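Read the structure below first, then the notes.
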Amino acid sequence: MITEISCIAVGIPLGFALRHRQAALRCVDRLTSWSIYALLFLLGLSLGSDDELISRAGDLGMRAVVISLCSLMGSVFAAWALQRLLPADVFGAGAGDEATRQPSSHGGNGPNDSAVNLKPTAQGGKTPVEHSHEG
Amino acid sequence: MKGSCIILCFFLAGVLVGRLDIVPDAIARGDLASWALYLLLFVVGMGIGFDTRSWRILRELHIKVALVPLAVMAGTFGGAAMAWLALGDMPLRDVLGVGAGFGYYSLSSIMITRMGDAALGSVALLANITRELTTLLATPLLVRAFGGLAPVAAGGATAMDTCLPVIARYAGERCGIVAVFSGMVLTVAVPLLISVIFSW
């Protein structure tokens, strides 16, 4: 556990320091993708070479779907409860609601004049993280 | 989506090569994989450091936005505990570990394979891909039934990238910004929570 967490802990400040270097962004992006490919290939390899695991594939898939849907619904329920507990202006409302088109009560944070850009930008440092879930 | 397909192809190619029995077992279990994991965690950490948007979001929006990823974590573990009761024959630790992937299937399945076993790693891969796909498909429905934060929660760590376009479209721009923040916090939380859960 200590080794795993240290690896990340060393990476974060280094990434922060190098965040304006395009070459570093590209390099990290590529390394992330290929280490994920290699490790998932190895995961497939250990699954495929194990006859007992292959015979349980359907059972494993069923477990995955049950855990996935229960976790998803649990988190959706928690978010729904949170949204009801907090004042409406904190998160705005769903699409089509008036609230999303008006500036919020705490001044200038309306969706249109927000300085936070949803779209990844070239120098925004989004590139490496953007691919991190998918490799 | 293209990235998900490439990853699945590598995984399936591994299964196929494993079936053919042409590669010695030692490779899959050797030190190579451990070092590859440490390298991956290191570059994931650097990727987190590159991205400073979450601080800007915290400054701009209400500080209570920070409650969203916490609620997602609590809800996910609550739901995973229900799954544990429903399945009946799996250790609670394993079920919580799979849930702690929050949709980040590449890293969670790899870490769980190393810290648990290949069977559980495969469950984590499928479970977290299912979570991402369900969010992509069900977002319009979730927004209508449970409000704008629902797809942000459902997407978990993927709310900041893969699921972001669909969230911003159906739940509004503001929920999209919350999604980036929540997704980033959960992305950091995945490796930390999994290491803690599997070192019990």
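Going down the list, the sequences are from chains E and X. Residue 135 is where the first sequence ends in UniProt numbering, and the numbering goes up by one at each step. Residue 200 is where the second sequence ends in UniProt numbering, and the numbering goes up by one at each step. Just so you know, even glycine gets a beta-carbon here, dropped at the ideal spot from N, CA and C. Owing to the predicted nature of the structure, the values given are computational and were not obtained by experimental measurement.
Three-state secondary structure assigned by DSSP to residue i
{"i": "L18 (chain E)", "result": "coil"}
{"i": "I167 (chain X)", "result": "helix"}
{"i": "M111 (chain X)", "result": "helix"}
{"i": "S68 (chain E)", "result": "helix"}
{"i": "Q102 (chain E)", "result": "With a pLDDT of only 38 at Q102 (chain E), under 50, the local geometry of the prediction cannot be trusted, and the value read off the model is given with reservation. Coil."}
{"i": "F198 (chain X)", "result": "coil"}
{"i": "G183 (chain X)", "result": "helix"}
{"i": "D59 (chain E)", "result": "helix"}
{"i": "I12 (chain E)", "result": "helix"}
{"i": "S49 (chain E)", "result": "coil"}
{"i": "T3 (chain E)", "result": "helix"}
{"i": "L61 (chain X)", "result": "coil"}
{"i": "I22 (chain X)", "result": "coil"}
{"i": "L86 (chain E)", "result": "coil"}
{"i": "T52 (chain X)", "result": "coil"}
{"i": "D117 (chain X)", "result": "coil"}
{"i": "D161 (chain X)", "result": "coil"}
{"i": "G172 (chain X)", "result": "coil"}
{"i": "G45 (chain X)", "result": "helix"}
{"i": "G148 (chain X)", "result": "coil"}
Interface flag, residue i vs chain X, CB-CB below 8 Å
{"i": "R19 (chain E)", "result": "yes"}
{"i": "S55 (chain E)", "result": "no"}
{"i": "P13 (chain E)", "result": "yes"}
{"i": "Q83 (chain E)", "result": "yes"}
{"i": "R63 (chain E)", "result": "yes"}
{"i": "A23 (chain E)", "result": "no"}
{"i": "G58 (chain E)", "result": "no"}
{"i": "D113 (chain E)", "result": "Confidence at D113 (chain E) is low in this model, with a pLDDT of 39, below 50, so the placement of that residue is unreliable and no value is reported for it."}
Classification of residue i by the beta-carbon crowding that lies within 10 angstroms, buried from 16 upward
{"i": "D161 (chain X)", "result": "buried"}
{"i": "C175 (chain X)", "result": "buried"}
{"i": "P151 (chain X)", "result": "buried"}
{"i": "P91 (chain X)", "result": "exposed"}
{"i": "Q83 (chain E)", "result": "buried"}
{"i": "A145 (chain X)", "result": "exposed"}
{"i": "C5 (chain X)", "result": "exposed"}
{"i": "L20 (chain X)", "result": "exposed"}
{"i": "G58 (chain E)", "result": "exposed"}
{"i": "R114 (chain X)", "result": "buried"}
{"i": "L186 (chain X)", "result": "buried"}
{"i": "A23 (chain E)", "result": "exposed"}
Closer than 8 Å to chain E by CB, residue i
{"i": "G156 (chain X)", "result": "yes"}
{"i": "D21 (chain X)", "result": "yes"}
{"i": "A119 (chain X)", "result": "yes"}
{"i": "R93 (chain X)", "result": "no"}
{"i": "C139 (chain X)", "result": "The question names Cys, but residue 139 (chain X) in the sequence shown is Thr. For T139 (chain X), the answer is no, since every Cβ of chain E falls outside 8 Å of its Cβ."}
{"i": "V68 (chain X)", "result": "yes"}
{"i": "G88 (chain X)", "result": "no"}
{"i": "V123 (chain X)", "result": "yes"}
{"i": "G116 (chain X)", "result": "no"}
{"i": "L193 (chain X)", "result": "no"}
{"i": "L12 (chain X)", "result": "yes"}
{"i": "L136 (chain X)", "result": "no"}
{"i": "A189 (chain X)", "result": "no"}
{"i": "L41 (chain X)", "result": "yes"}
{"i": "L16 (chain X)", "result": "yes"}
{"i": "A80 (chain X)", "result": "yes"}
{"i": "A159 (chain X)", "result": "no"}
{"i": "A98 (chain X)", "result": "In the sequence as presented, Ala is not what sits at residue 98 (chain X); that position holds Val. Yes, contact with chain E."}
{"i": "V152 (chain X)", "result": "yes"}
{"i": "L126 (chain X)", "result": "yes"}
{"i": "L142 (chain X)", "result": "yes"}
{"i": "L58 (chain X)", "result": "no"}
{"i": "V72 (chain X)", "result": "yes"}
- Mind listing, in chain order, the continuous alpha helix (DSSP H) runs of no fewer than 4 residues lying wholly within the region 74-112 of chain X? As summarised for the region 74-112 of chain X, the continuous alpha helix (DSSP H) elements at least 4 residues long and confined to that stretch are 92-99, given in chain order.
- Query: Taking three-plus beta-carbon pairs below 8 Å as touching, is the region 175-187 of chain X in contact with the region 50-63 of chain X?
  - Reply: Contact between the region 175-187 of chain X and the region 50-63 of chain X is present, because at least three Cβ pairs lie under 8 Å.
- Taking 8 Å as the threshold, find out whether the region 78-93 of chain X comes into contact with the region 101-114 of chain X through three or more Cβ pairs. No, the region 78-93 of chain X is not in contact with the region 101-114 of chain X.
- Task: Decide yes or no for the touch test of the region 7-27 of chain E against the region 66-84 of chain X: beta carbon pairs closer than 8 Å, at least 3 of them.
- Result: Taking 8 Å as the limit for Cβ pairs, the verdict is that the region 66-84 of chain X does not touch the region 7-27 of chain E.
- Three or more C-beta pairs below 8 Å linking the region 122-138 of chain X and the region 65-72 of chain E: Of all C-beta pairs linking the region 122-138 of chain X to the region 65-72 of chain E, three or more are shorter than 8 Å, placing the two stretches in contact.
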